[in-house]
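If you're matching positions, the sequence shown starts at 1 in our numbering and goes up one per residue.
Ideal placement from N, C-alpha and C gives every residue a C-beta, glycine not left out.
All values reported here derive from a predicted model rather than from experimental measurement.
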Amino acid sequence: MPGLFALFFALGGAQAGGLPDALLQEPIPLITGKTTRLADFKGKKPVYLKFWATWCVPCRQQMPHFEQVQQTYGDQIEVIAINVGINDDIDSVNAAVREYGLSMPMAIDTSGDLAQAFRLVGTPYHLVFDKDMNLIHRGHKADSILDSSLALVAQRQQAEILDSGVLVEKEADIPLDLNDGQTHALLFTATWCDWYWEETRPDAAQSGIKAQKAVNALSARHQDIAWLGVINRLWTGDDDLGEYRKKFAVKHATVIDKSNRLFHQYSVKRLPELIVIRDGKAVVRISDFSNPDAIGKTLHELK
Numbered sequence: 001m002p003g004l005f006a007l008f009f010a011l012g013g014a015q016a017g018g019l020p021d022a023l024l025q026e027p028i029p030l031i032t033g034k035t036t037r038l039a040d041f042k043g044k045k046p047v048y049l050k051f052w053a054t055w056c057v058p059c060r061q062q063m064p065h066f067e068q069v070q071q072t073y074g075d076q077i078e079v080i081a082i083n084v085g086i087n088d089d090i091d092s093v094n095a096a097v098r099e100y101g102l103s104m105p106m107a108i109d110t111s112g113d114l115a116q117a118f119r120l121v122g123t124p125y126h127l128v129f130d131k132d133m134n135l136i137h138r139g140h141k142a143d144s145i146l147d148s149s150l151a152l153v154a155q156r157q158q159a160e161i162l163d164s165g166v167l168v169e170k171e172a173d174i175p176l177d178l179n180d181g182q183t184h185a186l187l188f189t190a191t192w193c194d195w196y197w198e199e200t201r202p203d204a205a206q207s208g209i210k211a212q213k214a215v216n217a218l219s220a221r222h223q224d225i226a227w228l229g230v231i232n233r234l235w236t237g238d239d240d241l242g243e244y245r246k247k248f249a250v251k252h253a254t255v256i257d258k259s260n261r262l263f264h265q266y267s268v269k270r271l272p273e274l275i276v277i278r279d280g281k282a283v284v285r286i287s288d289f290s291n292p293d294a295i296g297k298t299l300h301e302l303k
């Protein structure tokens, strides 16, 4: 798997032992109220992070395996579950904890800081670090490769790091100036919102459809506003975006937020959401798309 370990780019200078200090110090807020960091375990214990969501079907399928890892290696490896916090809350997370009998420490990434710091590209997302905080495994499957990586660090053996020292290039950012004096309307959504959530989050799926249709109409009527569809980067490439634009007959500009900068900057944790921005600041946030006329009225009043 080429480039498996070429994950992290410099965040202020790599430290001896693998990861940049900023990443080692990134707070991981647990639902117990405590906060932990990778730095807490450096030199002491390997760490296994798993990003997940309650609406993610593969995540749910992997939960028995995840709990088995905790039961098998809990004394040797610090296992931490990180819910991505998108269309999830403490109640849905606790329900899943009860359903699957999860016993590892649990965090909810309500700010999106962890997804940004650890380069989340889709769920489930597994990261395994040895006790020196070298990344030795990154992937989405609960398979024999993951199991071998966990067994390796549990035995306190130093993994052979492929592509050692190679840094990932920073994803190209969106060339967008939100301080240009214009009014900007950004629709934060996902190409998979309408179909992937059809069974697990049907309300959100319908909202995704309504949101795109509403913005199609609103962008045609309010051409004095700079419209942009900001697409979540999870599981999404340029072909997916092209299919989405064709499916919904999208005429306004759309772009995949490959760096996750805008999602993180405006703390978007529920999809879809329309944010109206002036001088870089959010002046209106809309998540109810059942009444497009009311949204149009709100936009008109901003003039």
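**OP:** Specify whether the segment 217-229 and the segment 242-252 touch according to this definition: at least 3 beta carbon pairs, one from each stretch, less than 8 angstroms apart.
**Re:** Enough Cβ pairs lie closer than 8 angstroms, so yes.
Original post:
For Pro-105, which residues of its own chain have a beta-carbon under 6 angstroms away from its beta-carbon, when the five flanking residues on both sides are left out?
Top reply: Stepping through the sequence shown from its first residue, residue 105 is reached at position 105. Closer than 6 angstroms at the Cβ level, and outside the excluded window around Pro-105, lie Leu-30 and Ile-80.
Original post:
In three-state DSSP terms, what is Phe-263?
Top reply: Residue 263 sits at position 263 when you count from the first residue of the sequence shown. Phe-263: helix per DSSP, three-state reduction.
Original post:
Got a sec, what are the start and stop residues for the beta strand (DSSP E) Val-283 sits in?
Top reply: Against the sequence shown, residue 283 aligns to sequence position 283. The continuous beta strand (DSSP E) containing Val-283 extends over residues 281-286.
**OP:** Determine the DSSP secondary structure at Pro-20, reduced to helix, strand or coil.
**Re:** Translated into the one-based positions of the sequence shown, residue 20 becomes position 20. It is a strand residue.
Original post:
Which same chain residues, not among the five before or five after Pro-292, have their C-beta less than 7 angstroms away from its C-beta?
Top reply: The residue you call residue 292 lines up with position 292 of the sequence shown. The answer, listed in chain order, is Ala-214, Ala-217 and Leu-218.
**OP:** Evaluate contact between the segment 283-292 and the segment 257-273, counting only Cβ atoms and requiring at least three cross-stretch pairs below 8 angstroms.
**Re:** Proximity of the segment 283-292 to the segment 257-273 meets the contact definition, three or more beta-carbon pairs being nearer than 8 angstroms.
**OP:** To the nearest angstrom, report how far apart Val-57 and Thr-123 are at their CA atoms.
**Re:** Translated into the one-based positions of the sequence shown, residue 57 becomes position 57. Translated into the one-based positions of the sequence shown, residue 123 becomes position 123. Cα-Cα distance, rounded: 9 angstroms.
Original post:
Between the segment 58-67 and the segment 136-143, are three or more C-beta pairs nearer than 8 angstroms?
Top reply: Three or more Cβ pairs drawn from the segment 58-67 and the segment 136-143 lie within less than 8 angstroms of each other, which places the two stretches in contact.
**OP:** Provide the residue span of the beta strand (DSSP E) that contains Ile-295, from first to last.
**Re:** One-based indexing of the sequence shown puts residue 295 at position 295. Following the DSSP letters along the chain, one finds Ile-295 in no beta strand (DSSP E) but inside the alpha helix (DSSP H) bounded by residues 292-301.
**OP:** May I ask which residues mark the beginning and end of the alpha helix (DSSP H) holding Val-97?
**Re:** Looking up residue 97 in the sequence shown gives position 97. Where Val-97 is concerned, the enclosing alpha helix (DSSP H) stretches over 90-100.
Subject >> Helix, strand or coil at Leu-152 according to DSSP, with G and I counted as helix >> reply: One-based indexing of the sequence shown puts residue 152 at position 152. Helix.
Original post:
Would Ser-111 pass as a contact of Ser-267 if the rule is Cβ separation under 8 angstroms?
Top reply: The sequence position of residue 111 within the sequence shown is 111, counting from 1. The sequence position of residue 267 within the sequence shown is 267, counting from 1. Cβ atoms of Ser-111 and Ser-267: closer than 8 angstroms.
Subject >> Contact set for Ser-164: own chain, Cβ-Cβ below 6 angstroms, skip 5 residues either direction >> reply: One-based indexing of the sequence shown puts residue 164 at position 164. The pLDDT assigned to Ser-164 is 33, lower than 50, so where the model puts this residue is not dependable, and the model offers no usable value.
**OP:** Please report the Cβ distance between Lys-258 and Arg-233, rounded to the nearest whole angstrom; I am assuming they are in contact, meaning their Cβ atoms lie under 8 angstroms.
**Re:** As a working note, residue 258 is residue 258 in the sequence shown. As a working note, residue 233 is residue 233 in the sequence shown. At roughly 5 angstroms, the Cβ-Cβ gap stays under 8 angstroms, so Lys-258 and Arg-233 are in contact.
Original post:
Given that a residue counts as buried once 16 or more other Cβ atoms are within 10 Å of its Cβ, and exposed if not, what is Gly-208?
Top reply: One-based indexing of the sequence shown puts residue 208 at position 208. Taking a 10 Å sphere around the C-beta of Gly-208, we find 16 or more other C-beta atoms and assign the residue as buried.
**OP:** With distances taken Cα to Cα, identify the nearest neighbour of Arg-261 among Lys-281, Gln-116 and Leu-120.
**Re:** Reading the sequence shown from its first residue, position 261 is the one you call residue 261. It is Gln-116.
Subject >> Contacts around Glu-78, its chain only, beta-carbon distance under 6 angstroms, and the 5 residues preceding and following it disregarded >> reply: In the sequence shown, counting from the first residue as 1, residue 78 sits at position 78. Excluding residues up to 5 positions away in sequence, Phe-41, Lys-45 and Val-47 lie with their Cβ nearer than 6 angstroms to the Cβ of Glu-78 in the same chain.
Original post:
With Thr-183 and Arg-278 assumed to form a contact (beta carbons below 8 angstroms), what rounded beta-carbon distance in angstroms separates them?
Top reply: Numbered from its first residue, the sequence shown carries residue 183 at position 183. Numbered from its first residue, the sequence shown carries residue 278 at position 278. Contact flag correct, Cβ pair sits at about 6 angstroms.
Original post:
In this structure, what does DSSP give as the bridge partners for Asn-83?
Top reply: Within the sequence shown, residue 83 is the residue found at index 83, counting from 1. Trp-52 and Ile-108.
**OP:** Could you tell me how far apart the beta carbons of Asn-83 and Asp-109 are, in whole angstroms, since I believe they sit closer than 8 angstroms?
**Re:** The residue labelled residue 83 in the question sits at position 83 within the sequence shown. The residue labelled residue 109 in the question sits at position 109 within the sequence shown. A Cβ-Cβ distance of about 7 angstroms is found for the pair Asn-83 and Asp-109, placing them in contact under the 8 angstroms criterion.
Subject >> Nearest-angstrom Cα separation, counted from Gln-206 out to Val-166 >> reply: The residue you call residue 166 lines up with position 166 of the sequence shown. The residue you call residue 206 lines up with position 206 of the sequence shown. Because Val-166 sits at a pLDDT of 30, beneath the cut-off of 50, its placement in the model cannot be relied upon, and the point is left open.
Subject >> Anticipated Cβ contact below 8 angstroms, Lys-34 with Tyr-125, distance rounded >> reply: To locate residue 34, count along the sequence shown from 1; it is residue 34. To locate residue 125, count along the sequence shown from 1; it is residue 125. No, Lys-34 and Tyr-125 are not in contact; Cβ-Cβ is about 22 angstroms, not under 8 angstroms.
Original post:
Where does Leu-135 sit, in a helix, a strand or coil, going by DSSP?
Top reply: Position 135 of the sequence shown, counted from the start, is the residue given in the question as residue 135. Here Leu-135 sits in strand by DSSP.
**OP:** Going by CA-CA distance only, name the one from Gln-265, Leu-19 and Pro-202 that's closest to Val-230.
**Re:** Your numbering for residue 230 matches position 230 in the sequence shown. That would be Gln-265, whose Cα lies nearest to the Cα of Val-230.
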